[in-house]
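This report refers to the structure that appears directly beneath it.
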Amino acid sequence: MKQFSLWLSTTSPSLFIQNHNAWTIPGLQSLHIIGIAMVMGAVLMLDLRILELAGMDQTMEETIDRFGPWLTASLWWMLATGLLMVVGQPTRELMSFSFRAKVVLVAAGALASVFLRRRPTKAFAILTFLLWMCIIVLGRLIAYDHVWGSWSPAAG
Amino acid sequence: MEIQSALRWLQETSLANGIRNSLLLFPLLEAVHVFGLALVVGTITVIDLRLLGLASTRRPFHVMASDILKWTWVAFAITVCAGALMFTTNAQVYFANFYFRVKVGLLALAGLNVMLFHLTAYRRLERWDREPSAPAIGRIAAAASLVIWIAIIFSGRMIGFTTTRAAVPEPPPDVNLEELLFK
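If you're matching them up, the sequences are chains V and W in order. The first sequence begins at 1222 in the working numbering and counts up one residue at a time. The second sequence begins at 76 in the working numbering and counts up one residue at a time.
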């Protein structure tokens, strides 16, 4: 993984992002955060409807029709901007514990959201919301991977 | 200067010291800030798209507003609290930062935009409540809101890149600092 990230950092798309990092890095992170807002907006609306705390003028089907495709599209947007962030800073992302744990949880979150649309239960709604919260925390912790001590692949 | 001594007092409080000296508190506050703002912007987008006639067009506006905006305010309170706590750790630096000032200005602009919406389109709500989109002035406010919030996110992220954290806890000696170079 170390070799791969070092190679990736020598490719021209990566060099372009690195050489213009004054605006590319914060710009990509902002686009990624806008994606988080779209995901969390859709997740909140779906979960609140399942928990019967909002959207009660709509049926479950109507709510899923409105926010399901929105959630799917936002997750693809997150993947696209996230991949560009990996290309821009390969070692920072790939050689971090937070990033690797986040990838696992995002896969779980995407699967869970498909499952949730088919069988919307209250316990599962709360669980997936907490899952997305953990994903946000891990995403921010990529910038502070030393907090994991020896778990961080960058250590040692 | 009066404000500078207030800022200096703020960043020397035991609260600010506690956050600064903790390895995890500042990153966690950042995460809470991102979580809160995601819910703020996510829910506001749902409302704005409704005003623009791009989504949820068959739901009466007043139902959506009373249904959703209370959650927006809860999320906004969470975001402001986390942001304020981050501010205390390095108050003088943040106060002087260009992007911090831009962000505060944009937040004020977002508030002004809501006020103008309430004084104009919202006053005649009964005329368009069930229409697929708001009248022109409402659509302009919705588009402005989306643009302002995107700019707020970008300026917020820029604050992190144009300030240095005060008294960052030392990373363990076996961590290669090169790899932590970009925040």
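A virtual CB, placed ideally from N, CA and C, is assigned to each residue, including glycine. All values reported here derive from a predicted model rather than from experimental measurement.
Cβ of residue i within 8 Å of any chain W Cβ
| i | result |
| --- | --- |
| Arg-1361 (chain V) | yes |
| Leu-1265 (chain V) | yes |
| Met-1259 (chain V) | yes |
| Pro-1311 (chain V) | no |
| Met-1299 (chain V) | no |
| Asp-1278 (chain V) | yes |
| Ile-1271 (chain V) | no |
| Arg-1340 (chain V) | no |
| Asn-1240 (chain V) | no |
| Ala-1294 (chain V) | no |
| Ala-1275 (chain V) | yes |
| Pro-1234 (chain V) | no |
Proximity of residue i and residue j at Cβ, strictly below 8 Å
| i | j | result |
| --- | --- | --- |
| Ala-140 (chain W) | Ile-122 (chain W) | yes |
| Ile-94 (chain W) | Thr-163 (chain W) | yes |
| Ala-1333 (chain V) | Thr-1312 (chain V) | no |
| Ala-196 (chain W) | Pro-210 (chain W) | yes |
| Thr-120 (chain W) | Gly-1262 (chain V) | yes |
| Leu-127 (chain W) | Ala-217 (chain W) | yes |
| Trp-1353 (chain V) | Gly-1330 (chain V) | yes |
| Met-225 (chain W) | Tyr-174 (chain W) | The residue asked about is misnamed: residue 225 (chain W) is Ile in this sequence, not Met. No; because the gap between Cβ atoms is not below 8 Å, this pair is not in contact. |
| Leu-274 (chain W) | His-137 (chain W) | Outside the modelled stretch of chain W, which goes from 76 to 258, sits residue 274 (chain W), for which no answer is possible. |
| Met-1281 (chain V) | Ser-1226 (chain V) | no |
| Val-109 (chain W) | Ile-1357 (chain V) | yes |
| Ile-228 (chain W) | Ile-1363 (chain V) | no |
| Asp-204 (chain W) | Pro-102 (chain W) | no |
| Val-177 (chain W) | Thr-238 (chain W) | no |
| Gly-117 (chain W) | Leu-1296 (chain V) | no |
| Ala-159 (chain W) | Leu-82 (chain W) | no |
| Arg-1361 (chain V) | Glu-77 (chain W) | no |
Interface flag, residue i vs chain V, CB-CB below 8 Å
| i | result |
| --- | --- |
| Arg-176 (chain W) | no |
| Phe-236 (chain W) | yes |
| Ser-131 (chain W) | yes |
| Glu-87 (chain W) | no |
| Ile-225 (chain W) | yes |
| Pro-207 (chain W) | no |
| Lys-258 (chain W) | Note that Lys-258 (chain W) has pLDDT 49, beneath the 50 cutoff, so the model's placement of it is unreliable and the number below is only indicative. Interface residue, yes. |
| Leu-127 (chain W) | no |
| Thr-120 (chain W) | yes |
| Glu-105 (chain W) | yes |
Rounded Cβ spacing between residue i and residue j (contact assumed at less than 8 Å)
| i | j | result |
| --- | --- | --- |
| Arg-1340 (chain V) | Ile-1285 (chain V) | With a Cβ gap of about 11 Å, Arg-1340 (chain V) and Ile-1285 (chain V) do not count as contacting. |
| Val-1368 (chain V) | Leu-98 (chain W) | 5 Å |
| Arg-1287 (chain V) | Ser-208 (chain W) | Between Ser-208 (chain W) and Arg-1287 (chain V) the Cβ distance is about 16 Å, and since that is not below 8 Å, they are no contact. |
Check: Would you say the region 1314-1326 of chain V touches the region 1284-1302 of chain V, given that touching needs at least three Cβ pairs under 8 Å?
Finding: no
Notebook entry, point to check: Is it a yes or a no for the region 1268-1275 of chain V touching the region 1301-1312 of chain V, going by three-plus beta-carbon pairs under 8 Å?
Noted result: no
Notebook entry, point to check: Can we say the region 176-195 of chain W touches the region 95-114 of chain W, given the rule of at least three CB pairs closer than 8 Å?
Noted result: no
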